[in-house]
Amino acid sequence: MAARDRGRARENGSVLPARVDGSHMVSLGLVVAEFNRSVTEGMEEAARDAAADAGATVAETVHVPGAYDAPLVADRLARRSDVDAVAVLGAIVTGDTDHDEVIGHAIASKLSDVSLERDVPVTLGVSGPGMSGAEARERIEKGAEAVESALALADTLEDL
444 MAARDRGRAR ENGSVLPARV DGSHMVSLGL VVAEFNRSVT EGMEEAARDA AADAGATVAE
504 TVHVPGAYDA PLVADRLARR SDVDAVAVLG AIVTGDTDHD EVIGHAIASK LSDVSLERDV
564 PVTLGVSGPG MSGAEARERI EKGAEAVESA LALADTLEDL
């Protein structure tokens with residue numbers, strides 16, 4: 444990235460300040476589903492650790508009742524000038540119906556819409572659908588992966 448382009452404002456008004464090494468400091472918004480909290484609590488911890496390890500800051504964490512509720516909050520965070528990327532964390536486990544499939548498809552579609560409409564990375568750190576509670580607990584690192592993806596995408600977009 445050319446020096447003259449560093450600090451260029453994005454559509455939501457956020458600007459990624461450049462570090463000395465040319466990489467960018469990213470400020471994240473986290474959206475964490477409360478449903479299946481025994482899983483999402485670990486995902487949130489993994490996400491925070493990944494952000495800290497990368498030198499990113501978490502501007503705000505918002506807890507929502509369930510994964511289905513995340514797109515509205517992700518959209519609000521993506522509008523903020525102090526948020527460069529949003530990572531959404533949740534766990535959708537299988538029940539007796541296809542409800543988990545419906546929720547999984549709806550949230551993935553709407554989060555993609557938010558990202559495209561706001562020109563802000565919004566990553567899907569939601570495990571499921573189609574898994575048991577035990578399988579969801581095995582995927583706690585999805586929280587870290589969502590943050591790592593958000594950071595990489597924010598940096599890539601800043602360089603375009």
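So the mapping is simple: our numbering equals the position in the sequence shown, first residue as 1, plus 443.
For glycine and all other residues, C-beta sits at the position ideal for the given N, C-alpha and C.
The beta strand (DSSP E) runs of length 3 or more contained entirely in the segment 477-522 are, from start to end of the chain, 500-507.
Closest in C-alpha terms to residue 479, from the list 572, 522, 494, 518, comes 572. In the assembly as shown, residue 545 is an exposed residue. Its beta-carbon has fewer than 16 other beta-carbons within 10 Å.
If only uninterrupted alpha helix (DSSP H) runs of at least 4 residues are considered, those enclosed by the segment 522-601 are 542-561, 576-580. A Cβ-Cβ separation of about 15 angstroms leaves residue 532 out of contact with residue 499 under the 8 angstroms criterion.
In the structure shown, residue 603 adopts coil according to DSSP, grouped into three states. Under the 10 Å beta carbon count, residue 483 is surrounded by 16 or more other beta carbons and is classified as buried. Closest option to residue 526, judged by alpha-carbon separation, among 537, 558, 568, 569: 558. Residue 529 and residue 563 have their alpha carbons spaced roughly 8 angstroms apart. Between residue 582 and residue 534, the C-beta spacing is below 9 angstroms. At the C-beta level, residue 501 and residue 474 stay beyond 9 angstroms of one another.
Between residue 510 and residue 476 a beta carbon distance of about 5 angstroms is seen, short of the 8 angstroms cut, so the two are scored as contacting. Beta-bridge analysis with DSSP links residue 475 to 506, 532.
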